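*Asks:* The following block contains the structure, expressed as C-alpha cells.
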Amino acid sequence: MVLILLFIIWEISSHLFAIPAWLMPPPSDIFHEGITGWSNYNGHLLSTIQLTLLGFMIGASFGVIVAIGLHTIAVLREIVYPFMILSQNIPIIVLAPLLVIWFGFGTLPKLIIITLVCFFPIAIATLDGLKQTSSELMHYMKMAGASNKQIFWKLEWPHALPSLFSGLKISATYSVMGAVISEWLGAKKGIGVYMTLASSSFRTDRVFVAIFIIMIISLSFFALIALLEKRVIRWQSKGGEHTDG
Amino acid sequence: MVLILLFIIWEISSHLFAIPAWLMPPPSDIFHEGITGWSNYNGHLLSTIQLTLLGFMIGASFGVIVAIGLHTIAVLREIVYPFMILSQNIPIIVLAPLLVIWFGFGTLPKLIIITLVCFFPIAIATLDGLKQTSSELMHYMKMAGASNKQIFWKLEWPHALPSLFSGLKISATYSVMGAVISEWLGAKKGIGVYMTLASSSFRTDRVFVAIFIIMIISLSFFALIALLEKRVIRWQSKGGEHTDG
Amino acid sequence: MANLSLQSISMSFEGKKILEDIQFVVKDAEFVTILGPSGSGKSTLFHLIGGLYKPEQGHIFLNGEEITGKRGSISYMPQSPSLFPWRTIVENVLLGAEIVGQADKGTALQMIEKAGLLGYEHAYPHQLSGGMKQRAAFIRSLMSPQPLICLDEPFSALDEFTRVEMQKWLMNIWVEHKRSILFVTHNIEEALFLSDRIIVLSNRPATVQKEFHIPFKRPREESLLLTEEFLAWKKEIYNELRVIV
Amino acid sequence: MANLSLQSISMSFEGKKILEDIQFVVKDAEFVTILGPSGSGKSTLFHLIGGLYKPEQGHIFLNGEEITGKRGSISYMPQSPSLFPWRTIVENVLLGAEIVGQADKGTALQMIEKAGLLGYEHAYPHQLSGGMKQRAAFIRSLMSPQPLICLDEPFSALDEFTRVEMQKWLMNIWVEHKRSILFVTHNIEEALFLSDRIIVLSNRPATVQKEFHIPFKRPREESLLLTEEFLAWKKEIYNELRVIV
Amino acid sequence: SSNEQGASSEENEKELKEVSIVLDWTPNTNHTGLYVAKEKGYFKEQGLDVDILMPGETGADQLVASGKAEFGVSAQEALTHARVQDIPIVSIAAVIQHNTSGFASPKDKNITSPADYEGKTYGGWGAPVEKAVLSSLMKQEDADVEKVDIVNMGNTDFFTAVKRDVDFAWIYYGWTGVEAELRGQELNMQYLTDYSEKLDYYTPILTTNESMINENPETVSSFIAAVSKGYTFAKDNPEDAASILIDAVPDLDEELVKASQKWLSPKYQDDADQWGIQEKETWKNYSDWMYNNDLLEEQLQVEDAFTNEFLPNKE
Ligand SMILES: Nc1ncnc2c1ncn2[C@@H]1O[C@H](COP(=O)(O)OP(=O)(O)OP(=O)(O)O)[C@@H](O)[C@H]1O
Ligand SMILES: Nc1ncnc2c1ncn2[C@@H]1O[C@H](COP(=O)(O)OP(=O)(O)OP(=O)(O)O)[C@@H](O)[C@H]1O
Ligand SMILES: [Mg+2]
Ligand SMILES: [Mg+2]
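Here you go:
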C-alpha cells in the first residue's frame, strides 16, 4: 500500500518537475517496459533466480558448517575467524580475474562469489547464537552426562535457531545482489547482464525494470525465510511482543 | 601464526611454479612495495580510515535507530521492513548517478553508501534481539508497572546488546569494503582510488598492497568491536562456553 | 492506603477455564494469604491484579478505582526470582523502586545486609544460590513503594530459620508502613502465622472454596506455633485443602 | 548398585571458601538427605558430584571408581526446573533418558499422568505453573536410569498434598528399583519422613556438622508424622540447625 | 539468420577450433566486426568457433595474458602499461584507425577550445593520464592545467555528471556523443587528434598473447582474416552490420546502435590502406609521450608491442 502511494508520488513528481526520463523514468514507463519487455528478460530472470537459490543454499550451508566448526573446535576459531573477516574484504575486481583464471567462465566462480557474500552473516549470527545458550540449561545437560554432540543438538542448536534465522534473513537479502554482481564476472544471461547492457546503452527504463526485478526477488526470498522461521520456531512465548498496553 | 605459514607457502609456490608476478606477486614483493611505497599510499589510507569510521558510526547509529523505531512502533515495522530489504538491493551503478545528482561529488554521497551497507545487519540483528527478551522478565517489568520506555531501556535494550554486537561485527567487516566501493563514486583520495589506479596500470603488487591494507583495517576494526563487546557485556556466566570436558 | 476488591473474575487459557467467578477483598493494612493446589491459578490471579492480562470477566478495584488491566498499582514478587542477569544484586534490588522513580541505594544496601546477602551486593545473579536469589527478589518487592504488596511463594527456597527471619522482617515492615499484603504460600503454618485471613482456592477451575479469619492476636510470637489452638487451625485448613485435591 | 563416597571435598568461588573438607558416603539403596542453611553449598555439592566442576581438593568415588569431574554418572534434578523452552512437556521429560539413549515415551506419558499433568503433555513450559514445571523436572530425573538420583529441593513449589503424593511415589520407585537417593530439602519433616540418614551442613564454609541415622521402620505411613518420636526427632534436628544459623 | 547457416555446415562443426575473445566493455559498435564475422560465418570459413565474452569486472588483458581467452579487446594505453609490467600481450590489429575520443561539454557551457577549460570543472576517473592529456592540449593555447578543477566522477555517466558540478568530460564520440545527438543534447567537442599527433593512439585494439603468436600463428591469422572481413563488411554496410549486432545482443538499444554504427563505420579503416594496420610511429609517439609525462616507469619496447604480420594480404 505504502509502495503504491510512493509510486503515485513519484509518477506525479516526474511529470511535475519534468525530470528527464533518462535520469529517472516515471513508474508508468518502467511498468510499461516491464510488461512489453517480458520476453526480453524472462530468460535472464530465470537464470538469476536459479543462480541465487543455488548460491544461497550453498552459502547458507557453508555458513552453518563454519559456525558449527568454529563453535565446537575452539582452536579452529582463532585460526579461521580472521580469515572469515578477510574473505569479506577481497574486492571483487581483484577476486574476479583470479576466479576466472582458476575456474573459467562457468557457474562455479559465480557460486563462489554468492557463497562468499552469503555465508558470513549466517556464520557470525549462528556463532553468536551458539555461544549464548542459557547457563542453567547447559548445567543441566552437563550434569546429565550429555556428550558434546548431545549438548550441541539438544541445546545449542535449537537455542541458536533464532539467531540463525536472523543471519539467514540478512543473507537472503544479499544473495540476489550477490548473484547480480557475480554475473558481472562474465555471464551470458542474468539480470546483471541485462542491467549492464541496458545501462551501457542508456536505457534507463530497462535499468529500473532490472532493479525492480531484483527487489521483487529479494523481497519474496526474504518473505520465504521469515515464513520458514515462523513455522520452525513455534515455541516462543509471546511475552516479549506486547509492549503496547 | 597461521597467516605467516600461509605466506611462506605462497612465497615458495610463487617461485616454484613461476607464477608471473602480474598475476599474483609473491608476498615478498608485496611486502617490499608495502614498505617502500608507504609515502604513496599513506594519504589514501588516512582518507579511507576516516571515511570508514565516520560512515560506520553513522550507519550503526542509523541501524540502531531504525531497529528501535521498528520495534517500538509496530505499524512502522510493516511499512519500513520491505524498504529496508529494498535498500540492500539497489545496485550501486543505479544509485551512484542519483546520489551524484542530488548531492554532488562530495563526502555526503559516499557516507550514504557506507551507511546503506552498514545499517542493515545492525538493524536486523538488533531488532531480533529486541524481540526475543525473556518473557519472565517481561512479565515482571509489566507487573511492576514499567512504562514502555522503562521496559525498553531496562530490559529490552540490555537484552539486545549481544545481538547488537553481533550486527556491529558484521557491519564493521563490511564498512571498509563499503568505503572502498563508495570511493568509486568519485574520490580524489582513498585506498579505492589507489587500487583502481594500480589496477589500471597493471601494478598487481600495489593492488595486493591495497588489499592487505583493506584487510588490516577491517581486522583491527573487528577486533575493536569485539573488545568493546567484552567490556560492555560482562555479566554473562561462562556456562555456555566450556563444551570441552 | 490500599483496598483491593476482586469482582467475579474469570479467566481461561486456550479454552481451559482456570479461574471462575473469583471474588474477594483485601482491606487496608490487611494481610491475606491464598492457599490452593499447585496449578490452581494463584499466580494467574496475581497476574490479573497486576494488569498483565485482562480477565475474561469481572473487575478489579483498588481504592474504589478500577484497575482491571492497569499496571503499576502493586508491588510484586514473582514466583521465580526473575532477576536481571546483567544487573548486580544491588542494581536488581533497586529495579522495582527505579521504575516508580524512587531508587535509594543506601536503604537497598541495608536491606541486602539484613537479608544475609552481605558481600554479594555486586555479584551477578548467576553467582547466587537459589535461596539467595529469592531473597534478592523479596527485597526488590519491599523496596517498591506501592501500598499493596503481592508475594508469590516468597520463601519457598529458604531454610526454616532464614524463612522465619524473613517472615519477621516482613511483619515489621507491614506493621510499620501499614501496607496491604496478598501472599501465596503452600506452607499452612506460614499462612496461619502471618495472615489476618486465608483464602482457599479449589482446584481447576479455581473458585473461592473457603475463607478463614485468623483470630490470633498480634504481635505474634514464635511460641504461637506450638499452641493447641494453632494446631487445631492447622488441622482445619489441612482438611479443607484435602477435600480439594 | 550405587555406592557414593565423598572424600574431603573443598571448593571456593572467587576466593570465598564454600565447602570445606566435606566427607560422607551414600550406600547402596540408601536415602540420604542434606539439610543446611540457604547458600551453604548444597547445590554446589551436587554440581561437584555431577562433575560440573572439579573440587579444589578431594575425591569422589562411585562404586569404587573415581568420578571426580566425570559427568553422566547421576540422575539429576536441578533446583530450578530448567525445562527446555522449545520442547513440549513430554519431550522435556524424555530428555534425561534420551541422553543415555533410553527414551520410552509410553512410560513418560504414564508418569505425566501420575504427576497430575494430564492434558499438558504437549504444552510448552511457559504454559505451566511453577509447581507443574517442578513436577515435570522431577519426572525427568526419575526417567533417567542411573542408579544414583540427586534431587535438589524437588518439592519446594508444591502444595502439601501434591508434595505427599510425590513423596510416596518417590518412595515406591526407590523401593522397587533399589536406587540410591541424595536429597536436598529445607523441610525437616520431609527429610525425616523420607530418609535413612540426614546430613546437616554448617554455614559458610560448609562442613558436615552432624549426621543423623533415622531409625523409623519402612514402609512409613503418614501417621508417623504425628508420633511423639517423630516430633522429638524433629525438635532435635531443628535445634541442630538453629545452632548454625 | 545465423541459425540457418549454422545448420547447413553442421557436419564440419566438429573440426572447428574453439577460441574465445573477451571484449573490453559491454558489446557496442566498436565490436560490430566481431559479431558480423561470427554471424555471417566468416569464422567458420576459417575453421574457428569463436565465443564472444563480456569481461564483467575482470578486464580482458589478464585473461588473454593468462591464456584463459585466446583474444581480447584492449586499448593502446592499457597494453602499453601492461607490457611495461611484463604482461605478455601483443596488439594484432587496430579496430579504429584514429582516436575518436575527446573532451565533450554541453553546448550551453560554452567550452569551445582547451583554453576555455581554465576555471572549469573536469570530471574524470582519477588517472594521472588525464591531467597529462589536458595539460598537453591546454599548453598549445597557453592555458594552465592547474586552473582546471579535476574531480573524480567514478562510475557516474557523462549525462549525469554534467547535470551537476562537472563541466566537461572525456568521452568516445561514437557512443556517448551519438547518444547525445539522439537525445538532442548539443555538445562541444575537442578531439584529441585535433590538437596533438602524439595523442592519436589506437583505441580499441585486438590482442593476443605471445604464446599464441609463437605456437599457433595460423589460428591468429585465421582469426584476423575473419575479423578483417567482418569489419570490412561493417564499413561497407553500416545498416546491415548494425542489425546483426542488435540481433546478436538484443538488449542493446536499437536506435543508438544504428546511429552509432552509421557514425563509426567510415572510421574503422579511415585513411589507412587496409583495416587493422598499425603504425610504429603511433605506438612510439604515444609511449614516448607517456614516458615524458611520467606515466610510465620505463620505455616501451615498441617493436614487441604490436604486429601487422597477421593481417591478410591485401587482395
Ligand atoms: N501463559 C499460559 N498459557 C497457557 N496456560 C497457562 C498460562 N499460564 C498459566 N497457565 C495455566 O493456568 C493454570 C494456573 O497456573 P498458575 O501459574 O496460576 O498456577 P499456580 O496456582 O500459581 O500454581 P503453582 O502453585 O504451581 O505455582 C495452570 O494449569 C497453567 O497450566
Ligand atoms: N557460579 C558461582 N560463582 C560464584 N559463586 C557461586 C557460584 N555458584 C554458587 N556460588 C556461591 O556458593 C555458595 C553456595 O551456593 P549453593 O547454590 O551451593 O547454595 P545452596 O546451599 O544450594 O543454597 P540454597 O538453599 O539457597 O539453594 C553461595 O554463597 C553462592 O553465592
Ligand atoms: Mg504459581
Ligand atoms: Mg541450592
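Chains as they are written, first to last, in my numbering: chain A, 8 to 252; chain B, 8 to 252; chain C, 38 to 282; chain D, 38 to 282; chain E, 12 to 326. From the three backbone atoms N, C-alpha and C, an ideal C-beta is built for every residue, glycine too. Just so we're clear, the structure is a prediction, and the values are computed from it rather than from any experiment.
1. If you count every other CB in all the chains shown that lies within 10 Å of the CB of residue 62/D, and 16 or more means buried, which is it?
2. Tell me which same chain residues have a C-beta within less than 7 Å of the C-beta of residue 123/B, skipping the five on either side of it?
3. With the cut-off set at 7 Å, would you say residue 33/E and residue 86/E are in Cβ contact?
4. Compute the distance between the beta-carbons of residue 92/A and residue 229/B, then report whether it is under 7 Å.
5. Three-state secondary structure (DSSP) at residue 286/E?
6. When every heavy atom of ligand 3 is checked, does at least one fall within less than 6 Å of the C-beta of residue 166/D?
7. With 7 Å as the threshold, decide whether the Cβ of residue 100/E is near any Cβ in chain B.
8. Beta-carbon of residue 232/A versus every beta-carbon of chain E: anything under 7 Å?
9. Beta-carbon within less than 7 Å of residue 200/A's beta-carbon, same chain only, minus the 5 sequence neighbours each way: which residues are those?
10. Roughly how many whole angstroms lie between the Cα atoms of residue 100/C and residue 185/C?
11. Just checking: is the beta-carbon of residue 143/B within a distance shorter than 7 Å of some beta-carbon in chain C?
12. Which residue spans inside the stretch 143-202 of chain D form an unbroken beta strand (DSSP E) run of at least 3?
13. What alpha helix (DSSP H) runs, 4 residues minimum, are completely inside the stretch 84-150 of chain D?
14. Strictly under 7 Å for the Cβ-Cβ distance: is residue 156/B near chain A by that measure?
15. Can you give me the C-alpha to C-alpha distance between residue 199/C and residue 240/D, rounded to a whole angstrom?
16. Alpha carbon to alpha carbon, how far is residue 234/C from residue 172/D?
17. Can you round the beta-carbon distance between residue 131/E and residue 159/E to whole angstroms, since I take them to be within the 8 Å contact cut?
18. In terms of alpha-carbon separation, which member of 171/A, 43/A, 114/A and 167/A lies closest to residue 57/A?
19. Taking 6 Å as the line, does the beta carbon of residue 88/D fall inside it for any heavy atom of ligand 2?
20. Under 7 Å Cβ to Cβ from residue 45/E, same chain only, skipping five residues before and after it: list those, please.
21. Hey, is residue 122/D's beta-carbon within less than 7 Å of any beta-carbon in chain A?
22. Whose Cβ in chain E lies nearer than 7 Å to the Cβ of residue 237/B?
23. With distances taken between CB atoms, is the gap from residue 161/C to residue 160/B smaller than 7 Å?
24. Quick one: is the Cβ of residue 79/C within less than 6 Å of any heavy atom of ligand 3?
25. Should residue 60/C be listed as close to ligand 3, given that the test is whether its C-beta is under 6 Å from any heavy atom?
26. Would the beta-carbon of residue 65/C fall within 7 Å of that of residue 40/C?
27. When burial is assigned at 16 or more other CB atoms within 10 Å of the CB, is residue 50/C buried or exposed?
28. Give the DSSP-derived three-state secondary structure of residue 220/E in the structure shown.
29. So is residue 308/E in contact with chain A if we call contact Cβ pairs under 7 Å?
30. Relative to chain E, which residues along the stretch 111-129 of chain A have a C-beta separation below 9 Å, given in chain order?
31. For residue 227/B and residue 146/A, what's the separation of their Cα atoms in angstroms?
32. In chain A, which residues lie with their C-beta within 7 Å of the C-beta of residue 189/E?
33. Going by the C-beta, is residue 116/C closer than 6 Å to any heavy atom of ligand 3?
34. Would you say residue 34/B faces chain A, with C-beta separation under 7 Å as the test?
35. Along the chain, where does the alpha helix (DSSP H) containing residue 258/E start, and where does it finish?
*Replies:* Per the coordinate set shown:
1. By 1-based counting over the fourth sequence, the position of residue 62/D is 25. So residue 62/D counts as exposed.
2. The residue given as residue 123/B occupies position 116 in the second sequence. Excluding positions up to five away in sequence, the list reads 94.
3. Locating residue 33/E in the fifth sequence gives position 22, counting from the first residue. Locating residue 86/E in the fifth sequence gives position 75, counting from the first residue. Cβ distance not < 7 Å, so residue 33/E and residue 86/E don't count as in contact.
4. Here residue 92/A refers to the residue found at position 85 when the first sequence is read from its first residue. Here residue 229/B refers to the residue found at position 222 when the second sequence is read from its first residue. For residue 92/A and residue 229/B, yes; Cβs fall inside 7 Å.
5. Residue mapping note: residue 286/E aligns to position 275 of the fifth sequence, counting from 1. Of the three classes helix, strand and coil, the one that applies to residue 286/E here is coil, per DSSP.
6. Working through the fourth sequence from its first residue, we reach residue 166/D at position 129. Answer for residue 166/D: yes, Cβ within range of ligand 3.
7. Translated into positions along the fifth sequence, residue 100/E becomes position 89. Output row for residue 100/E: interface = no.
8. Along the first sequence, one-based indexing puts residue 232/A at 225. No, residue 232/A lies away from the interface with chain E (no Cβ there is under 7 Å from its Cβ).
9. As a position in the first sequence, residue 200/A is number 193, starting the count at 1. Counting only Cβ-Cβ distances below 7 Å, and skipping sequence neighbours, we find 51, 190 and 194.
10. Position 63 of the third sequence, counted from the first residue, corresponds to residue 100/C. Position 148 of the third sequence, counted from the first residue, corresponds to residue 185/C. Rounded to the nearest angstrom, the two C-alpha atoms are 11 Å apart.
11. As a working note, residue 143/B is residue 136 in the second sequence. Yes, residue 143/B lies at the interface with chain C (some Cβ there is under 7 Å from its Cβ).
12. 185-189
13. 126-136
14. Numbered from 1 along the second sequence, position 149 holds the residue referred to as residue 156/B. No, its Cβ sits nowhere closer than 7 Å to a Cβ of chain A.
15. Residue mapping note: residue 199/C aligns to position 162 of the third sequence, counting from 1. Residue mapping note: residue 240/D aligns to position 203 of the fourth sequence, counting from 1. When rounded, the distance between both Cα atoms is 12 Å.
16. Reading the third sequence from its first residue, position 197 is the one you call residue 234/C. Reading the fourth sequence from its first residue, position 135 is the one you call residue 172/D. Their backbone Cα atoms lie some 29 Å apart in a straight line.
17. Residue numbering aside, residue 131/E sits at position 120 when the fifth sequence is read from its first letter. Residue numbering aside, residue 159/E sits at position 148 when the fifth sequence is read from its first letter. About 6 Å; that satisfies the 8 Å criterion.
18. Here residue 57/A corresponds to residue number 50 of the first sequence, with the count starting at 1. Nearest C-alpha to residue 57/A: 114/A.
19. As a first step, residue 88/D is located in the fourth sequence; it is residue number 51 there, counting from the start. Residue 88/D: no, Cβ never under 6 Å from ligand 2.
20. Stepping through the fifth sequence from its first residue, residue 45/E is reached at position 34. Taken in chain order, the residues that qualify are 32, 63, 238 and 241.
21. Taking the first residue of the fourth sequence as 1, we reach residue 122/D at position 85. At least one chain A Cβ lies under 7 Å of residue 122/D.
22. The residue labelled residue 237/B in the question sits at position 230 within the second sequence. In chain order: nothing, as chain E lies at least about 38 Å away.
23. Here the question's residue 161/C lines up with position 124 in the third sequence. Here the question's residue 160/B lines up with position 153 in the second sequence. Against a cut-off of 7 Å, the Cβ pair of residue 160/B and residue 161/C comes out as no contact.
24. Translated into the one-based positions of the third sequence, residue 79/C becomes position 42. Yes, the beta carbon of residue 79/C sits closer than 6 Å to at least one heavy atom of ligand 3.
25. For the purposes of this step, residue 60/C is identified with residue 23 of the third sequence, where counting begins at 1. Outside the cutoff, so no.
26. Sequence index remark: in the third sequence, residue 65/C carries index 28 (1-based). Sequence index remark: in the third sequence, residue 40/C carries index 3 (1-based). For residue 65/C and residue 40/C, yes; Cβs fall inside 7 Å.
27. Walking along the third sequence from the start, residue 50/C turns up at place 13. That one is exposed.
28. Position 209 of the fifth sequence, counted from the start, is the residue given in the question as residue 220/E. Residue state, collapsed to three classes: strand.
29. Mapped onto the fifth sequence, residue 308/E falls at position 297. For residue 308/E, the answer is no, since every Cβ of chain A falls outside 7 Å of its Cβ.
30. 111 and 112
31. The residue you call residue 227/B lines up with position 220 of the second sequence. The residue you call residue 146/A lines up with position 139 of the first sequence. Their Cα atoms are separated by approximately 35 Å.
32. The residue labelled residue 189/E in the question sits at position 178 within the fifth sequence. Residues of chain A passing the Cβ test: none, with the nearest at roughly 10 Å.
33. As a position in the third sequence, residue 116/C is number 79, starting the count at 1. Yes, Cβ of residue 116/C sits closer than 6 Å to a heavy atom of ligand 3.
34. Reading the second sequence from its first residue, position 27 is the one you call residue 34/B. False, the Cβ-Cβ gap to chain A never drops below 7 Å.
35. Taking the first residue of the fifth sequence as 1, we reach residue 258/E at position 247. That run of the alpha helix (DSSP H) goes 249-259.
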